[in-house]
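Participant: Position one of the sequence shown corresponds to residue 209 (the working numbering), numbered consecutively onward.
Glycine is no exception: its CB is placed at the ideal position from the N, C-alpha and C atoms.
One structure is given below, represented as structure tokens, and several questions about it will come after.
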Amino acid sequence: MKKLTWGGVDCLELAKNFGTPLYVFDTGIIKSRCRELRETFMERWDNTMVRYAGKAFLIKEMARIVKNEGLGLDVVSAGELYTALQADFPPEKIEMNGNAKSHEEISFAVSSNVGRIIVDHPDELKIIEKFARDKGIKQKILIRVAPGVDAHTHAYIATGSTDSKFGLPVDISEGSMLNYSIKYAMQSENLDLRGLHFHVGSQLFDPDDNVKGLEKTLELVKKLKESFGFTTRELNCGGGFGAVMNPSMNPVKCADFTDPMMKLLYENCKKFGLEIPKIIIEPGRWVVSEAGITLYKVENVKELPELTYIAVDGGMADNPRYALYQAEYDAVKASDIEAPIIEPGKGRKFSVVGKCCESGDILIDDAKLPKLEAGDVIALYNSGAYTFSMSSSYNRLQRPAVVFVEDGQARLVARRQTLDDIIANEM
């Protein structure tokens, strides 16, 4: 039998010492992804920057890793910004994003001296302007646009279509939101419009959608130069690089996406007679997803005539991604990763389900697993992104702990929620 180890640590020992469900991150993988971003993007191409998308997974220790690896940070709420600042993240390397920022969040961002605010609605311009004027500064901003690309991914994580809730359509005719926003920002004494932002979607395995998004946005850059005399100095191309389900699969390479985008950038800027802007990317999932696993204990195995339920001690409260958009996962038996897979037979399947009172509380709908029984520990691969971030206390379940592992060492970086934590804010 071959036990599962992660970051050189026995996963059964992790489950025993820290309990389950348990989020486990190999920080060696995270650092290697950050290094790949530096070497194949920031060092290969001039005037480039990477800002890790904190929404994928952000605790103070993660912010410290990102800072130490020389990357910037993209945040989308006061909570994410506060977390970063508490980890002493340099505010000038932070950008505040989001489609529905409150007055309080904008005020917090401006007063914290964040490097950039990504404008998602024309109304934000006056709000940012007011707080910047009160502070006596000129706030650097980008305007987010929706380039009209229908990315090949689930509809709930596609963000670049013209009817997306994110960004402004690339229409600069008189009276359009983008026309108004560009003119307003250019004329303001307290706004420094640096350029544009776009993002076409997440969990992408083909760079074509990102390249199309860049191509359409560069056409807009050309029009802005011709119509308004505006020079785009910065262009944020978002992220969206896909993460594979299982460590045995070949991971997506950063350069698979960034190389064709940068080549198009240089070609089109030369063709259009444009200055080459600074290019920023925002990978999040790609940095942490494959670095993370979640450990669960099997509570029971319920065999029905055409379906076997493997019920574990977690579920949609700690990972709602299947319930939201049918995210796919692979799992293994932690005590024996080479145990033979059971073939359920025609018309029968195994489903790994959680303990929440919802029929949709599913982790894996059609699992490929060996024989399991109560007390076994299973590990869900590729669960480092959008799990801890999305977790809740639904059914008053306790949010799991987070453990970082590397080179055979494990350390607790976020403790498990206690029962007292659950009622802490109640009067």
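#1: Need the endpoints of the alpha helix (DSSP H) that N418 sits in, please.
#2: Closer than 7 Å by C-beta to I238: which residues in its own chain qualify, once you throw out the five before and the five after it? Chain order, please.
#3: Could you name each continuous alpha helix (DSSP H) segment of 4 residues or more that falls completely within the segment 232-318, going from the start of the chain to the end?
#4: Using alpha carbons as the reference points, say which of L428, V613 and E490 lies closest to I501.
#5: Are there 16 or more other CB atoms within 10 angstroms of the CB of M457, so buried, or fewer, so exposed?
#6: Can you tell me the Cβ-Cβ gap for S599 and A531, rounded? I've got them flagged as a contact below 8 Å.
#7: Run through the DSSP bridge pairs and tell me what K576 is partnered with.
#8: What do you reckon, are the CB atoms on V460 and D417 nearer than 8 Å?
#9: In terms of alpha-carbon separation, which member of T228, S240 and G568 lies closest to G215?
#10: Is it buried or exposed for Q395, if we count other Cβ within 10 angstroms and need 16 for buried?
#11: Which residues in the same chain have their Cβ closer than 7 Å to the Cβ of P485, if we skip the five residues on either side of it in sequence?
#12: Under DSSP, the alpha helix (DSSP H) around K391 begins and ends at which residues?
#13: Looking at the unbroken beta strand (DSSP E) that takes in R624, where does it start and where does it end?
#14: If you reduce the DSSP assignment to three classes, tell me which class L512 lands in.
#15: What does a CB cutoff of less than 8 Å around G323 pick up in its chain, not counting 5 residues either side in sequence?
#16: For F406, tell me which candidate among A575, V327, K563 and D574 has the shortest Cα-Cα distance.
#17: Quick check for students: name the residue ranges of the beta strand (DSSP E) that lie wholly in the segment 470-540, counting only runs of 3 or more.
#18: Compare the Cα-Cα distances from S591 to each of V232, M209 and T228 and report the closest residue.
#19: Can you list, in chain order, the residues of its chain whose CB lies under 7 Å from that of D464, leaving out five sequence neighbours each side?
#20: Tell me the residue span of the beta strand (DSSP E) that contains I351.
#21: Check I158 in the structure and name its three-state DSSP category.
#22: In whole angstroms, what separates the C-alpha of N307 from that of E581?
#23: Along the alpha helix (DSSP H) that carries A223, what are the first and last residues, could you check?
#24: Relative to the C-alpha of G287, which candidate in E277, F339 and I314 has its C-alpha closest?
Facilitator: The answer reads as follows:
#1: D416 to F436
#2: I273, V495, V496 and A499
#3: 235-245, 268-276 and 286-294
#4: V613
#5: exposed
#6: About 13 Å separates the two Cβ atoms, so there is no contact after all.
#7: Its beta-bridge partners do not exist; DSSP assigns none.
#8: no
#9: S240
#10: exposed
#11: G403, T440, R441, E442 and L443
#12: M385 to Q395
#13: Where R624 is concerned, there is no enclosing beta strand (DSSP E), given that its DSSP letter is neither H nor E.
#14: coil
#15: G280, P299, E300, K301, I302, E303 and K348
#16: V327
#17: 486-489, 500-511 and 515-520
#18: V232
#19: P415
#20: Q347 to A354
#21: The chain is shown from 209 up to 635; residue 158 falls before or after that span and cannot be answered.
#22: 46 Å
#23: C219 to F226
#24: I314
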